[in-house]
Amino acid sequence: MAPTEYDAIIFDLGVFFDWDSSATTTLPPKIMQEMMASNQWHNLEKNIISADEAYTSLAKYFSVEPLAVSQALDQAQSTLRVNQEGLRLIQDLIEAKRISLGRLKVYAMSNIAQKHFNIVQNNSLFQWSVFDRIFTSSEAGMRKPDLCFYRHVIKETACKPSRTLYFDDKTENICAGRLLGLRGEIVHRDQRRRAFNIVRHLLLDDTSSRAERFLRANAGKLDSVILMPGEDIVLKDNFAQLLIWGLTGMEDIVYLIWPDGTVQGDLQQPVLAKSKESTYSILSTDSPSAPDQHQDSVKNGLWCYFAQKPILTHNDYPADIDTTSVAYLNIPTTYHSYHRLANPALVAEAILANRNADDHWETYLDSDRHGRINPEACVSALRFINKYAAAGLIPGILSLDVEDKRVAKTRDLIVAGLANRAILYGDRFYPLPEPFLYWVSMLFCECKDSSPKLHADLGKHLEQALMERLHIPLNALALAMRVRACQLIGMKKELVQPDLDNLLAMQEEDGGWPAGFFCSYGRIQSQQIGSRGYATALVWRILKD
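The UniProt record's numbering puts the first residue of the sequence shown at 1, with every later residue one more than the last.
Structure representation (structure tokens):
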């Protein structure tokens with residue numbers, strides 16, 4: 001276990017156990033809840049009065065028989081069960097303690113009467129050995145949220161509050177713990193996974209390794225999905241695969257259909273290969289290879305979004321500047337000649353020439369699809385031009401600061417889009433502003449030396465634009481894009497920490513993150529696209545960096 005900034009954790013036992021609220025007892029649930037909130041009950045938990053004294057007093061107050069109180073509490077206790085999320089966390093903590101050779105300390109601290117604690121301890125499924133010590137209110141004569149109980153536990157364990165996590169299911173208890181410097185986190189019954197993921201990240205330090213295990217376990221199956229009511233539709237696309245490869249450097253976990261017809265990875269379904277007319281048509285996996293093409297042919301450098309037959313759109317889906325740029329940005333240059341990719345200069349020339357009446361780059365590299373401008377795709381293309389212009393591989397273009405209208409008009413469009421928050425509500429292809437801010441953050445970092453003026457122009461607005469988006473609830477993938485963008489530009493960690501905590505808490509049991517959504521397509525009805533593979537790769541990269 002790698003060292004973390006925390007070396008102890010305190011749990012309320014209630015986060016591991018559930019009552020069956022539907023079980024029948026001799027007293028109504030409302031009366032039971034009122035009893036447990038009464039002074040008599042609190043005195044029982046502090047061992048000031050005995051159980052019999054508490055039952056008699058409660059019976060008198062609520063005008064019921066003492067036997068009814070005793071029976072109702074016994075019936076409720078019999079329904080107590082360990083929750084599965086808690087059992088899994090206990091197993092993880094036991095293993096972490098073994099690896100840390102006892103340096104990791106785990107404690108329990110609960111408001112509970114001695115009689116009831118004895119009953120709870122009889123649960124054979126719970127591994128009580130995980131705790132180095134258990135503090136109960138009945139033993140201490142104090143109860144939460146009284147600060148004296150917390151001070152007692154801190155003194156007895158000699159733990160440093162700043163290095164101790166504290167998990168409880170009651171907000172007033174969390175407040176008390178935080179007053180003394182503990183890092184308190186609430187555990188809601190329906191959001192235990194979120195809370196327990198915080199433990200795994202901050203204390204067990206295995207969030208990154210779990211993410212990598214997910215990526216490798218699902219190699220070749222990191223599909224995108226079209227989010228649909230009822231059940232998502234699997235979508236095999238080049239775009240997300242290229243992004244995953246670029247983030248992780250793991251070639252063996254992705255699949256692609258290269259422009260020369262080469263199939264990389266396991267693509268059993270019909271895939272796309274480029275025809276002589278530079279449009280994409282269906283080609284079965286057992287068909288002959290695509291026509292031989294060479295690096296002096298731009299056709300072999302234009303990438304299509306889909307890696308199989310298009311879904312919920314027309315079959316002749318053209319190549320686009322977004323996927324094409326992402327391919328040249330993320331595939332190692334050593335692969336270019338092997339797959340007979342076109343010279344980057346030819347691809348750049350095609351993008352520079354693919355302009356509308358305003359001299360802005362059009363999205364589709366198709367003469368039948370004029371007029372479609374997408375800011376995010378333009379940012380990707382600017383990054384592509386910047387990369388190869390800085391290397392001296394694009395004749396006539398040495399920098400994005402050039403006043404050549406083939407570059408300048410699109411460059412200025414992006415700066416204006418950032419300055420004026422044009423993407424505040426998303427756009428046709430990207431329904432949220434986070435993808436635009438993420439791509440721009442990468443452009444900002446990459447053009448610092450090659451295009452200092454553009455770097456300065458973007459810098460005037462980028463951090464403020466990201467600040468305005470912080471802490472707005474989002475799906476996992478979009479949130480990962482925002483956190484990554486903040487990381488890239490060097491925003492102070494304490495500003496981004498709440499978003500990062502929320503993101504890490506979304507990790508699922510298998511180590512991956514939910515698909516979320518970040519892009520869309522569709523001429524009439526927009527289809528929202530997400531990807532567990534891309535979301536997980538993005539978080540993995542954030543943690544690695």
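Ideal placement from N, C-alpha and C gives every residue a C-beta, glycine not left out.
Taking Cβ positions, are L414 and R406 nearer each other than 9 Å? Your numbering for residue 414 matches position 414 in the sequence shown. Your numbering for residue 406 matches position 406 in the sequence shown. Here residue 414 turns out to be Ile, not Leu, going by the sequence shown. No, these two residues do not count as a Cβ contact at 9 Å.
Mind listing, in chain order, the continuous alpha helix (DSSP H) runs of no fewer than 4 residues lying wholly within the segment 461-511? Whole alpha helix (DSSP H) segments, 4+ residues: 462-469, 476-488, 493-505.
Taking its Cβ as the centre, do 16 or more other Cβ atoms sit within 10 Å of M243, making it buried, or is it exposed? On the sequence shown, residue 243 is found 243 positions in, with the first residue counted as 1. Going by the sequence as given, residue 243 is Leu instead of Met. Per the 10 Å Cβ criterion, buried.
Could you pull the start and end residues of the beta strand (DSSP E) that S109 belongs to? Here the question's residue 109 lines up with position 109 in the sequence shown. It should be pointed out that residue 109 corresponds to Met in this sequence rather than to Ser. Residues 105-110.
Could I get the ranges of all uninterrupted alpha helix (DSSP H) runs contained in the segment 26-62, with 4 residues as the minimum, in chain order? For the segment 26-62, the full-length alpha helix (DSSP H) segments reaching 4 residues or more read 29-36, 39-45, 51-62 along the chain.
Suppose only complete runs of 4+ residues qualify. What are the alpha helix (DSSP H) ranges in the segment 163-221, listed by chain order? The segment 163-221 contains these whole alpha helix (DSSP H) runs: 171-179, 192-199, 207-217.
Measure the alpha-carbon distance for T79 versus E509 and round it to whole angstroms. In the sequence shown, the residue the question calls residue 79 occupies position 79. In the sequence shown, the residue the question calls residue 509 occupies position 509. Cα to Cα, the separation comes out at about 26 Å.
Distance, H201 Cα to W258 Cα: Numbered from 1 along the sequence shown, position 258 holds the residue referred to as residue 258. Numbered from 1 along the sequence shown, position 201 holds the residue referred to as residue 201. Going by the C-alpha atoms only, they are around 38 Å apart.
C-alpha distance - K170 paired with H42, whole-angstrom precision: Taking the sequence shown and counting its residues from 1, one reaches residue 170 at position 170. Taking the sequence shown and counting its residues from 1, one reaches residue 42 at position 42. Taking the straight line from one Cα to the other gives about 15 Å.
Classify D20 as buried or exposed, calling it buried when 16 or more other Cβ atoms lie within 10 Å of its own Cβ. Numbered from 1 along the sequence shown, position 20 holds the residue referred to as residue 20. So D20 ends up on the exposed side.
Starting from G396 and walking both ways along the beta strand (DSSP E), at which residues does that stretch end? To locate residue 396, count along the sequence shown from 1; it is residue 396. Where G396 is concerned, there is no enclosing beta strand (DSSP E), given that its DSSP letter is neither H nor E.
Going by C-alpha distance, which of L203, A348, I112 is nearest E95? Within the sequence shown, numbered from 1, the residue matching residue 95 stands at position 95. Of L203, A348, I112, the residue nearest in Cα terms is L203.
I'd like to confirm the pairing. Which residues does DSSP put opposite L256 in its beta bridges? Counting from one through the sequence shown, the residue named residue 256 turns up at place 256. For L256, which the question treats as bridged, DSSP gives the partners Q264.
Since R411 contacts L382 with CB under 8 Å, what's their CB separation in whole angstroms? Here residue 411 is taken as the residue at index 411 of the sequence shown, counted from 1. Here residue 382 is taken as the residue at index 382 of the sequence shown, counted from 1. Contact holds; Cβ gap of about 6 Å.
Determine which residues share a DSSP beta bridge with A72 and list them. Numbered from 1 along the sequence shown, position 72 holds the residue referred to as residue 72. Under DSSP, no beta-bridge partner is assigned to A72.
Option nearest H471 by Cα separation, candidates L488, L500, E463: For the purposes of this step, residue 471 is taken as residue 471 along the sequence shown, with counting starting at 1. When L488, L500, E463 are compared, the shortest CA-CA separation from H471 is found for L500.
Taking Cβ to Cβ, would you say R484 is nearer than 9 Å to S441? Residue 484 sits at position 484 when you count from the first residue of the sequence shown. Residue 441 sits at position 441 when you count from the first residue of the sequence shown. Yes, they are a contact pair.
I need the DSSP call for F117, collapsed to helix, strand or coil. As a first step, residue 117 must be located in the sequence shown, where it is residue number 117. The answer is helix: DSSP assigns F117 an H, G or I state.
Check the C-beta distance from G246 over to N330 and give it rounded, since I have them as a contact under 8 Å. Counted from its first residue, the sequence shown places residue 246 at position 246. Counted from its first residue, the sequence shown places residue 330 at position 330. Between G246 and N330 a beta carbon distance of about 3 Å is seen, short of the 8 Å cut, so the two are scored as contacting.
Using CA atoms only, rank isn't needed, just tell me which of Y534, Q497, A350 is closest to A515. To locate residue 515, count along the sequence shown from 1; it is residue 515. Looking at the Cα atoms, Y534 is the closest of the given residues.
Whole angstroms are fine: how far does the CA of A408 sit from the CA of A422? Position 422 of the sequence shown, counted from the start, is the residue given in the question as residue 422. Position 408 of the sequence shown, counted from the start, is the residue given in the question as residue 408. Distance between the alpha carbons of A422 and A408 is about 18 Å.
Tell me the DSSP bridge mates of D18? Along the sequence shown, one-based indexing puts residue 18 at 18. Paired residues: R81.
My output table needs one value for Y450: the three-state DSSP class, helix, strand or coil. Along the sequence shown, one-based indexing puts residue 450 at 450. Per the sequence presented here, residue 450 reads as Ser, with Tyr not at that position. The DSSP-derived three-state label of S450 is coil.
Bridge-paired residues (DSSP) for A319: Numbered from 1 along the sequence shown, position 319 holds the residue referred to as residue 319. Answer is C304.
Cα-Cα separation between residue 563 and L67, rounded to whole angstroms: Residue 563 is absent from the model: the chain starts at 1 and stops at 545.
Measure from the C-beta of R194 to each C-beta in chain B and report whether the shortest distance is under 9 Å. The structure shown contains no chain B; it is built from a single protein chain.
Please list the segments of the alpha helix (DSSP H) lying wholly inside the segment 380-442, counting only runs of 4 or more residues, in order along the chain. The alpha helix (DSSP H) runs lying completely inside the segment 380-442 and spanning 4 residues or more are 405-419, given in chain order.
What residue does the alpha helix (DSSP H) around P537 start on, and which one ends it? Translated into positions along the sequence shown, residue 537 becomes position 537. Position check: residue 537 holds Ala in this sequence, whereas Pro was assumed. For A537, the enclosing alpha helix (DSSP H) covers residues 532-544.
Whole-angstrom distance between G301 and R369, CA atom to CA atom: As a first step, residue 369 must be located in the sequence shown, where it is residue number 369. As a first step, residue 301 must be located in the sequence shown, where it is residue number 301. Within the model, the alpha-carbon separation for R369 versus G301 is close to 19 Å.
If you draw a straight line from the C-alpha of residue 546 to the C-alpha of A240, how long is it? With the chain covering only 1 through 545, there is no way to say anything about residue 546.
Environment of R541 [buried if 16+ CB atoms lie within 10 Å]: Looking up residue 541 in the sequence shown gives position 541. Its Cβ being crowded by 16 or more others within 10 Å, R541 is buried.
What's the gap between the Cα of D320 and the Cα of F131? Along the sequence shown, read from residue 1 onward, the residue named residue 320 stands at position 320. Along the sequence shown, read from residue 1 onward, the residue named residue 131 stands at position 131. As the crow flies, the alpha-carbon of D320 is around 57 Å from that of F131.
Helix, strand or coil for T313 per DSSP? Numbered from 1 along the sequence shown, position 313 holds the residue referred to as residue 313. DSSP places T313 in coil when its eight states are reduced to three.
Reduced DSSP secondary structure (H/G/I, E/B, other) of W128: Taking the sequence shown and counting its residues from 1, the one referred to as residue 128 is at position 128. Looking at W128 - three-state DSSP - the assignment turns out to be helix.
Give the single residue among S63, L44, D7, K115 whose Cα lies nearest to the Cα of R103. Here residue 103 refers to the residue found at position 103 of the sequence shown. Among S63, L44, D7, K115, the Cα nearest to that of R103 is on D7.
Backbone CA spacing between W513 and I99 [nearest angstrom]: As a working note, residue 513 is residue 513 in the sequence shown. As a working note, residue 99 is residue 99 in the sequence shown. Cα-Cα distance, rounded: 26 Å.
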